[in-house]
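Let me begin by presenting the structure, written as structure tokens, before commenting on it.
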Amino acid sequence: MRWIRGIIAAAALLTVTACGEQTATTGNGSGEAGGGPPASQELSRAPEEVPNDGPVPMGRIDASALPEGYPVDVAVSEEGRTLTIVAQEGGCTKASATVAEQSAERVEVTLVESKPADKNTMCTMDMRYPPLTVELDEPLGKRVVVLDHKRTTH
Numbered sequence: 001m002r003w004i005r006g007i008i009a010a011a012a013l014l015t016v017t018a019c020g021e022q023t024a025t026t027g028n029g030s031g032e033a034g035g036g037p038p039a040s041q042e043l044s045r046a047p048e049e050v051p052n053d054g055p056v057p058m059g060r061i062d063a064s065a066l067p068e069g070y071p072v073d074v075a076v077s078e079e080g081r082t083l084t085i086v087a088q089e090g091g092c093t094k095a096s097a098t099v100a101e102q103s104a105e106r107v108e109v110t111l112v113e114s115k116p117a118d119k120n121t122m123c124t125m126d127m128r129y130p131p132l133t134v135e136l137d138e139p140l141g142k143r144v145v146v147l148d149h150k151r152t153t154h
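For the sequence shown, the residue numbers in this note's numbering are 1 to 154.
Pasting the structure below:
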């Protein structure tokens, strides 16, 4: 009987551990050329998910508000009105993107990571990097893309 209690205790510990939040600690998240997302994040996307209309140069992306280790990968369509941004989500979280502001100098995009309000929700420990698109009023041109990050509950 003692071994049954041991198995139950181990299963409970694994369940609690699997439901905890995981924080990415790899990469420097600086957004500088050569200091982009860690290789593990780049390799986690399937090749068909990588936007290939045209990458926005790192010098025209302000990713200083993103959490450390968050991928910095922005592409613009040939017409210049659609941005594709690689986001990060995992477990029970879901990523979305909205254009917060557009001016002659910059386009600010808010990346939102939503998690369930119910703290008893069981979640996996996987990480995903979905490509999200946002539409601009005018072509991007030489404007700077400013990436912001927000966490919410749903």
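Glycine included, each C-beta is placed from N, C-alpha and C at the ideal position.
Residue i: which of the options sits nearest, CA to CA?
i           : options          : result
residue 114 : 80, 131, 150     : 150
residue 104 : 145, 128, 84     : 145
residue 73  : 139, 133, 143    : 133
residue 135 : 70, 84, 118      : 84
residue 121 : 77, 91, 143      : 91
residue 56  : 77, 119, 118, 66 : 77
Helix, strand or coil: which one does DSSP assign to residue i?
i           : result
residue 127 : strand
residue 90  : strand
residue 60  : helix
residue 121 : coil
residue 21  : Residue placement at residue 21 is flagged as unreliable, the pLDDT there being 39, under the threshold of 50; the coordinate-derived value follows with that caveat. DSSP places residue 21 in coil when its eight states are reduced to three.
residue 132 : strand
residue 101 : strand
residue 26  : Unreliable positioning characterises residue 26 in this predicted model, as indicated by a pLDDT of 35, which lies under 50. A coordinate reading is not provided.
Compute the beta-carbon to beta-carbon distance between residue i and residue j, rounded to the nearest angstrom, for a pair I have assumed lies under 8 Å.
i           : j           : result
residue 112 : residue 100 : So it is not a contact: roughly 10 Å between Cβ atoms.
residue 137 : residue 108 : With 8 Å as the limit, residue 137 and residue 108 do not qualify as a contact, their Cβ atoms being about 13 Å apart.
residue 80  : residue 141 : 7 Å
residue 87  : residue 54  : With 8 Å as the limit, residue 87 and residue 54 do not qualify as a contact, their Cβ atoms being about 19 Å apart.
residue 116 : residue 153 : 7 Å
residue 128 : residue 89  : 5 Å
residue 110 : residue 98  : 5 Å
To which residues does DSSP link residue i through a beta bridge?
i           : result
residue 148 : 110
residue 55  : 75
residue 115 : 153
residue 96  : 112
residue 68  : BP columns for residue 68 are empty, so no partner.
residue 140 : Bridge partners of residue 140: none, in fact.
Taking 6 Å as the line, does the beta carbon of residue i fall inside it for any heavy atom of the ligand PLP?
i          : result
residue 79 : This structure does not include the ligand PLP; it has no bound ligands of any sort.
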